[in-house]
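Scroll down for the structure; my scribbles are underneath it.
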Amino acid sequence: MRLVSSFAATAVALTVLGGCASQPQPNATNATLAAVSYREPGPATLTLYTMVNNRTGQGGHTSLMINASERVIFDPAGSFYADRVPERDDVLYGITPGAERAYRSGHARSSFHVVIQTLEVTPEQAQTAYQLAVTNGRVPGVFCANSTATLLSKVPGLEDINVTFYPVKLSDQFGSLPGVVTEKYYENDSEDLQEGLAKGNAVLNG
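Now the structure itself:
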């Protein structure tokens, strides 16, 4: 009973922090996904996003951008939406530079900043992460860090990643890997997440 209560308290706390629980978006068709497919030129990379509360330092959401055969964001139980960024089973497609800017900007606000950690990997590692993401299926609310850590731990060379429910703990682990480049992104606009997402959507539709 104590373990159940502890988990329930953790789940509620993470939900309150925001970003790691959402209403699912409709799954896009194969034709839609093919039409927006994009790969960022350059090396294969894994980029971990952690949305951190500016007041408490606690994590509110975790996601993973994967630059493999195409660039996608594994956004488990995420809130992001944009008309030009279709989704299927918690994976966002068509992650052009503009879409990536809208993603980080939509989550950064007066109450949260975004920690962006990028690791250059082999094409094989990136493709493994991609396949794990696109076959994972939808993730329940508050399992964002847990599902991302589980995915990373299945990538060859990253097996030492410990599975956790806490976004900041996962960020700390990922940041300790050799070669990780860390950036912190801030904005000082409305703390309303939905307002930020709508603003990013409008820019992309521009």
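Heads up: the sequence shown runs through residues -21 to -1, 1 to 185, numbered per mature numbering (1 follows the signal peptide of the UniProt record, and there is no 0).
Every residue gets a Cβ at the ideal spot worked out from N, C-alpha and C, and that includes glycine.
Can the beta-carbon of S42 be found closer than 8 Å to that of T127? yes
Excluding sequence positions up to five away, which residues of its chain have a Cβ less than 7 Å from the Cβ of E170? R88, S89, S90
So, helix, strand or coil for L130, using DSSP? helix
Three-state secondary structure (DSSP) at A112? In this structure, A112 counts as helix in the three-state DSSP scheme.
Please go through the same chain and pick out, in chain order, the residues whose beta-carbon is closer than 7 Å to the beta-carbon of Y17, but skip the five residues on each side of it. E49, R50, G73, I74, T75
One question on the structure: do Y145 and A112 come within less than 8 Å of each other, judged by their Cβ atoms? no
For L137, does the three-state DSSP call read helix, strand or coil? coil
Whose C-beta lies closer than 7 Å to the C-beta of L176 among residues of the same chain, with five residues either side of it excluded? Result list for L176: S58, F59, Y60, G85, in chain order.
Spatial neighbours of Y165 in its chain, beta-carbon cut-off 7 Å, leaving aside the 5 residues before and after: A87, H92
Start and end residues, beta strand (DSSP E) containing V31: 24 to 32
Is it buried or exposed for residue 264, if we count other Cβ within 10 angstroms and need 16 for buried? Outside the modelled stretch of the chain, which goes from -21 to 185, sits residue 264, for which no answer is possible.
Reducing DSSP to helix, strand and coil, say where Q4 ends up. Q4: coil per DSSP, three-state reduction.
Among D139, K148, T114, which residue has its Cα nearest to the Cα of T29? Of D139, K148, T114, the residue nearest in Cα terms is K148.
Use the C-beta contact count for D139: other C-beta atoms within 10 angstroms, 16 or more gives buried, fewer gives exposed. exposed
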